[in-house]
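Chains as they are written, first to last, in this note's numbering: chain A, 2 to 348; chain B, 411 to 743. Right, one structure below, let's go through it.
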């Protein structure tokens, strides 16, 4: 068993995808610099050089359109952005063009581009450097949205994204970059549209995405000590979403918590809640609880971040509430340590 | 300006065909059976025709919401276009695109976008794709004067120049964005063709209603692109004779005068080409040949052929099925 860092898994996926398909290339701001976007593109640059891994001007909208054009001409571009926030400058090309290409032009041509962007939280990165905007993309027909929560998925899902014929938004979470997990050495793909049961349980279902999968896992361990057995589902891809895995679990447990790194309003947490309410209402023993961000931009001060971000504690409290268990809002006995507090980059 | 008489004739008939198609669509539009916003190219045909004359099938063009002429000039199928306007399953976009999203991949007219400036970077990207694959193909972006107000226009030119890509930027300056005159939108209205210079992209102002001028300038631009010497910007001054969207005139709106439209109407690209051809042919006639009479006959014959082709296409469209639920849900991914 070989364990590798999340950033290394991304790097390996890029290199192997480029090895097996000469149409694949990488472009983005700083992809060929020595840091190689937190170590994700440096190896590919070393191996394939500037013809296939190259820097771009800070023209996010045009460069996205250029990616679409190259894809139509038969290439397989992977576009890399160090922050998801920068994609807001490219929304015309992503939403009005890439997402609709196949459908709007009668199905004859595809625009197979992968737009990889990094999302994050904490460490004072504030309103324009640490958003999680996956729900915004997931709202658009024609886009796929991928959010790996571990090294294995980072590699497998990235390879699937590159091989997929649709435009894919691939969102890597910064807090995972140094986390290690088992990753096969060979080229393999993890299917888009399939969630995974991260931990089995019968009392309450916790559906989580990206960094909240880790919070859910910590919460599940704490809940076990309180005699509550939580089932943790990692969505892995937000779009297509794995409805079956969610519904099967909710039908089993009758209780649902949805934990997301984005905002509650009009978000993935709301979508999953609606799915359960529409299709598994008769199984629900208690109201659904969403653990996601308030309708407030991201603050910078760590004092405010501490209140702003949701985590394992909030999930534990939600589970107690659903179970009618003791403890209620009591947080004092919950000590989880924090990914953020130990975080030393990459920024 | 040198152009072969035979070439000029070909361009003339191509423009005539597009004009006849457009005028027939304008007539039929009133029946309210074509349900999609339609922006007519009437008056602007010379740009599409003059540029396309130098392109091969495997060269790609991209256009804007006003794209009927570009689609037809590049060889897009007439039946599929009319069927698309009639919202039919047999349309070029299966009834999902309408007039604003014409596409003919096999003919190399890849896409028209309803977002102003939207296809400019995509044309640049296609050119990059060609270059990366070692193919000697050329991409052309057609757009209007208002697209030159979009940031993406400058971003795209910078990138095309940076990578020396085989792309030609063709601005059809018709002076209006809907009802807004260029003077209300641009600080300097006379220098669109110069705006690539800051990126070292050579620019040319072309009489857009003179198909010879468009043809000659394009010849140089295509040659340059194919030789790997990078992009060119062409500003073709032209004029839209009908309203912004729809088949009627729009004098009642008061944003432009009837005189202005008439002045440009006298500069109609098709009339211009016809006059020029007759001038050339009258030279022969003076020498005792009968070319000019034969040409008039040929125009009449061509008109009959075009008419028949158009009616067949309209018939095809009207007979075609409307798309169904299967067409609604397929091709999203």
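Don't be surprised by glycine CBs; every beta carbon is placed ideally from N, CA and C.
Check: Chain A contacts from the region 585 to 619 of chain B (Cβ-Cβ distance under 8 Å); Outcome: none
Check: Distance, residue 586 of chain B Cα to residue 156 of chain A Cα; Outcome: 50 Å
Check: Chain A residues whose Cβ lies nearer than 8 Å to that of residue 569 of chain B; Outcome: 57, 58, 60, 63, 64, 67
Check: Per-residue contacts from residue 565 of chain B into chain A (C-beta, under 8 Å); Outcome: 58, 60, 62, 63, 64
Check: Below-8 Å beta-carbon distance, residue 7 of chain A vs any chain B residue; Outcome: no
Check: Status (buried if at least 16 other CB within 10 Å, exposed otherwise) for residue 39 of chain A; Outcome: buried
Check: Under the three-state DSSP convention, the category residue 124 of chain A falls into; Outcome: coil
Check: 3-residue-minimum beta strand (DSSP E) runs that sit fully inside the region 523 to 585 of chain B, ordered along the chain; Outcome: 549 to 554, 577 to 583
Check: Host beta strand (DSSP E) of residue 183 of chain A (start-end); Outcome: 181 to 183
Check: Any chain A beta carbon closer than 8 Å to residue 553 of chain B; Outcome: no
Check: Close beta carbons around residue 647 of chain B, own chain, < 6 Å, minus the five adjacent residues each side; Outcome: 583, 618
Check: Beta carbon of residue 74 of chain A nearer than 8 Å to that of residue 263 of chain A; Outcome: no
Check: Candidates B:556, B:610, B:742, B:502: closest to residue 595 of chain B by CA position; Outcome: B:556
Check: As assigned by DSSP and simplified to three states, the class of residue 352 of chain A; Outcome: Nothing can be reported for residue 352 of chain A, as the shown portion of chain A is limited to 2 through 348.
Check: Residue burial classification, residue 228 of chain A (beta-carbon count within 10 angstroms, cutoff 16); Outcome: exposed
Check: CB contact below 8 Å: residue 183 of chain A versus chain B; Outcome: no
Check: Residue closest to residue 445 of chain B, alpha-carbon to alpha-carbon, out of B:712, B:655, B:610; Outcome: B:655
Check: Other residues of its chain near residue 76 of chain A: CB distance less than 6 Å, five sequence neighbours each side excluded; Outcome: 24
Check: For residue 197 of chain A: DSSP bridge partner residues; Outcome: A:235
Check: Per-residue contacts from residue 108 of chain A into chain B (C-beta, under 8 Å); Outcome: 504, 740, 741
Check: Under 8 Å by beta carbon: chain B residues contacting residue 93 of chain A; Outcome: 525, 528, 562
Check: Residue 78 of chain A vs residue 145 of chain A beta-carbon contact at 8 Å; Outcome: no
Check: Beta strand (DSSP E) segment containing residue 351 of chain A, residue limits; Outcome: Residue 351 of chain A is absent from the model: chain A starts at 2 and stops at 348.
Check: Three-state class that DSSP yields for residue 590 of chain B in the structure shown; Outcome: strand
Check: Neighbourhood of residue 715 of chain B by C-beta, 8 Å cutoff - its chain only, sequence neighbours within 5 removed; Outcome: none
Check: Cβ contact check for the region 115 to 122 of chain A and the region 543 to 552 of chain B: 3 or more pairs under 8 Å; Outcome: no
Check: Selection from B:653, B:457, B:621, B:567 that minimises the alpha carbon distance to residue 590 of chain B; Outcome: B:653
Check: Straight-line Cα distance separating residue 628 of chain B from residue 239 of chain A; Outcome: 47 Å
Check: Residue closest to residue 430 of chain B, alpha-carbon to alpha-carbon, out of B:742, B:665, B:719, B:739; Outcome: B:719
Check: Residue 15 of chain A at chain B interface by Cβ criterion, 8 Å; Outcome: no
Check: Euclidean distance between Cα positions of residue 613 of chain B and residue 694 of chain B; Outcome: 37 Å
Check: Residues in the region 435 to 469 of chain B having any Cβ partner in chain A nearer than 8 Å; Outcome: none
Check: Buried/exposed call for residue 267 of chain A, threshold 16 Cβ in 10 Å; Outcome: exposed
Check: Burial state of residue 4 of chain A (16 or more Cβ within 10 Å); Outcome: exposed
Check: Residues from the region 119 to 152 of chain A in contact with chain B, defined by Cβ distance under 8 Å; Outcome: 142, 143, 145
Check: Limits of the unbroken alpha helix (DSSP H) element including residue 679 of chain B; Outcome: 679 to 696
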